[in-house]
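Structure record follows, encoded as structure tokens.
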Amino acid sequence: MPSRRWLTGVAAGALLFAGSTLVVAQEAPESLLPPGFGDPPAPTPAPAPAPTPSPAQPSRPAPSTGSPGTPAPDPSGAVVQPIPGGQEARPAPPAPSRDILAELPTLEELENLSTDELDELLGLRPQYDIPPAARRPLTRVGVIGPQEGGVPSQSLANQPGTLVAAVLDGMDGQFVSRWGHILLRRALTSRLAAPEGMEPVVFAAKRTALLNRMNEFAAARSLAQSVDTGEWNRSLTDAAVNAYLATSDILGICPAVNLQGTEREDAQWRMLQGICTSFAGESARAASDLNRVLRSGSAERIDALLAQRFAGASARGRRAVNIEWQGVEELTPWRFALANALGEEVPEELVESAPAYYRLIAATAPMLPIAQRLDGAPEAAERGILSSSAMVDLYSQAYVFAEQDSDALQSAEALRAAYVAPSPAQKLEALRAIWSEGETRYGKMVSTAFASARYPVTSVESADAFSLLASMLSAGLDRNALAWENQVEEGSAAWALLAVARPGEGGSVSSGDFDSFVDDDDSSGQRKAKLALAGLAGLGRLQGGTISDFEERLSVNLQKNSKWAQTIRRAAEVRNPTMVVLLAGLGMQGDSWARMTPAHLFEIVRSLDAVGLGAEARMIAAEAIARG
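Put into structure tokens, the structure is as follows:
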């Protein structure tokens, strides 16, 4: 059964906004909302302006006739307007003068003001840090365009902003599918116009926050940087700060800190202000501000010390600060980011007890020791954060730089043997050793994808053939996998992988072969058979009558009529790939494939295939069989 959190996301994204009509994804989309429901009424045309009289010579004023109600001319040129009752209006009394000196703060108050508060008092804070000619428009915000692999830019332009917001906010960032994660990351970082009724900066903030929840911090930082800092609102600023901290890019936050000043009052923001002030050349003022934070107790001592140490690294800092970890019981993003940026070693007991967030950050942090990076690399690869090529690069560095007899060096040597061992038997032995290590087996398969593709096509045991093909398909090497088509036994698990991964239209399978696969499936509750049925049916590779027969045999129902299913079907019908990807992400939430139902997999694969994302649909179906 899906988790309560997953159901909450589905309810937020589909049930509450199922009545919203989706729009065709195209460069100039046409809204399908009922007339008068989505578009505001056309504004009433303004009356034509009166013609301006041509310039003429000024004429002298006519003499007054002295009639009542007519302003009397004044020799000075001023006109006094009479009021009802015959009494003339009296001039308004002058406004009382302001005592500016009384409004200035006292010397004691000035001493307690921070640098940014003083700048605001004196009017020295800049409003924008980019010249007008260099400012970027907000019509399309993102990193990659359609020609670079992104989704169509206008595909969400006429979609209801409430629906898009609910879908983005309803995803917690962890998905059962590696390929689903990759596809969603690509959609979120695309150059997109904002949905109807949503401000572009708000749209960018929601996408950045979701990328943070996906542990895609480098992508989140790039997306935030595609918006000029002067345009950032509070939500985008908070999301960007989280992305900069996770990538240990502390000084990257300074433009937002300098522009927004006292918009935030928390201790972390004040410490960032002190750091940025120090690197702007005002080390004395920065030291005073950071000392004030430390003395006030608004921040933990370790946090303030790390900030002082970082500020002291500026050219004029010249201050040594000793970092004391005694008494620190937990790791926080601030502590981890500052320590990594400073090269300060975090106590091992804090790292070992830290949640997955820190392991995933470490996997992509180039300043950390290679052994620490490899500790989280398989999990990052399993989720879709690291590619197969990135994994090979990491192990190559470990082979050169890791300490002798360390686990990192042994893993690197095993992967090297999988590539360059003298005989196929030795290569296969190395691959088996890698796949049997630890809990993140699929992450290890990602690292061996290219080694599996180089393995000679020969007769091997059925389990080995399945693992070789699953490894290749984890990196999308479907052409290499097809070379094994004549070597796998029909109806085996390896055959099922090829049945869903085969590219092209002619990929239908016979009911007899699938019947053999169902008979031989020994997975718990025949999970592989059920997911294979969903994948093949979604790709249109099983006949309708055959599908219903196997549904009855396996006790599954692929045609559920939930609100989420109705919404993703509608998005597929109007050919909107971006909306399909977002809804597919909503339906793939979970920490394991045990959370995925065959009905959801069927809708996801079918919808992705319908909007031109057939390659991704095939890889998700293959991953379901490999990991289900």
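Mind the numbering: the sequence shown is residues -25 to -1, 1 to 603 in mature numbering (1 follows the signal peptide of the UniProt record, and there is no 0), read in order. Backbone N, C-alpha and C fix where the C-beta goes; we use that ideal spot for every residue, glycine too.
DSSP three-state label for residue i, please.
i: P322; result: coil
i: residue 621; result: Only positions -25 to 603 of the chain appear in the structure, and residue 621 is not among them; the question remains open.
i: P353; result: helix
i: I336; result: helix
i: L384; result: helix
i: P15; result: With a pLDDT of 44 at P15, under the threshold of 50, the modelled position of this residue cannot be trusted, and the question is left open.
i: L167; result: strand
i: I298; result: coil
i: V556; result: helix
i: P478; result: coil
i: V126; result: coil
i: V586; result: coil
i: I228; result: helix
i: I105; result: coil
i: residue 605; result: Residue 605 is absent from the model: the chain starts at -25 and stops at 603.
i: P573; result: helix
i: A64; result: Interpretation of A64 is limited by its pLDDT of 47, a score under 50 that renders its predicted location unreliable; the figure taken from the coordinates is listed afterwards. A64 falls in the coil class under three-state DSSP.
i: P43; result: Legend: pLDDT at P43 = 44, less than 50; position of this residue unreliable, value from coordinates given subsequently. P43: coil per DSSP, three-state reduction.
Could you spell out where the alpha helix (DSSP H) holding residue i opens and where it closes?
i: N266; result: S258 to S271
i: S491; result: S486 to D495
i: E304; result: Here E304 belongs to no alpha helix (DSSP H), and DSSP marks it neither H nor E.
i: E591; result: G589 to R602
i: E465; result: Segment: none, E465 is in no alpha helix (DSSP H) and carries neither H nor E.
i: R407; result: P399 to W410
i: E174; result: No alpha helix (DSSP H) contains E174, which DSSP labels as neither H nor E.
i: E548; result: K538 to E548
i: T252; result: A242 to F254
i: R196; result: F192 to Q200
i: M420; result: R416 to S422
i: K535; result: Run containing K535: none; DSSP gives neither H nor E here.
i: F150; result: Run containing F150: none; DSSP gives neither H nor E here.
i: R284; result: R276 to A286
i: S498; result: Looking at the DSSP string, S498 is not in any alpha helix (DSSP H), and its letter there is neither H nor E.
i: residue 614; result: A query on residue 614 cannot be resolved here, the shown segment of the chain reaching from -25 to 603 and no further.
i: R110; result: Neither: R110 is in no alpha helix (DSSP H) and is coded neither H nor E.
i: R516; result: Premise fails: R516 is in no alpha helix (DSSP H) and is neither H nor E.
Please check the pair residue i and residue j, which I expect to be a contact at CB under 8 Å, by giving their CB distance rounded to whole angstroms.
i: S210; j: A180; result: 4 Å
i: Q462; j: V432; result: 6 Å
i: A468; j: M447; result: Actually they are not in contact, since the Cβ atoms of A468 and M447 sit about 14 Å apart, beyond 8 Å.
i: A450; j: R593; result: Rounded, the Cβ-Cβ distance is 13 Å, inconsistent with contact.
i: I600; j: G510; result: 7 Å
i: L167; j: L138; result: That pair is no contact at about 15 Å.
i: A387; j: A373; result: 4 Å
i: L444; j: A424; result: Between A424 and L444 the Cβ distance is about 11 Å, and since that is not below 8 Å, they are no contact.
i: A282; j: L313; result: 7 Å
i: L514; j: V586; result: The pair is not a contact, with the Cβ atoms about 14 Å apart (cut-off 8 Å).
Once the 5 residues before and after residue i are set aside, which same chain residues still bring their CB inside 8 Å of it?
i: G519; result: none
i: A214; result: A180, T183, A184, N187, A195 and A199
i: A288; result: L317
i: E526; result: L508, N532 and L533
i: S29; result: Summary for S29: the model assigns pLDDT 45, below 50, so the residue's position carries little reliability; its value from the coordinates is reported in the next sentence. Nothing meets the Cβ criterion.
i: A440; result: W459, Q462, V463, S467 and A469
i: S381; result: A346
Can you list, in chain order, the residues of its chain with a C-beta nearer than 7 Å to that of residue i? Leave out the 5 residues immediately preceding and following it.
i: P121; result: P127 and S128
i: residue 605; result: Here the chain comprises residues numbered -25 to 603, so residue 605 is not present and cannot be evaluated.
i: I105; result: D203 and G205
i: T222; result: F192, A193 and R196
i: R502; result: G603
i: A512; result: I522, L533 and F577
Note down, in chain order, each residue of its chain lying with its Cβ closer than 6 Å to the Cβ of residue i, except the 5 sequence neighbours on either side.
i: L557; result: V142
i: V303; result: I277
i: E2; result: Because the pLDDT at E2 is just 46, under 50, the model does not fix this residue reliably, and the value given afterwards should be weighed accordingly. Excluding positions up to five away in sequence, the list reads Q129.
i: A356; result: M366, G418 and V421
i: A162; result: V126, T553 and V556
i: S582; result: I543, A547 and V555
i: L220; result: P308 and A312
i: A261; result: G249, T252, S253 and A286
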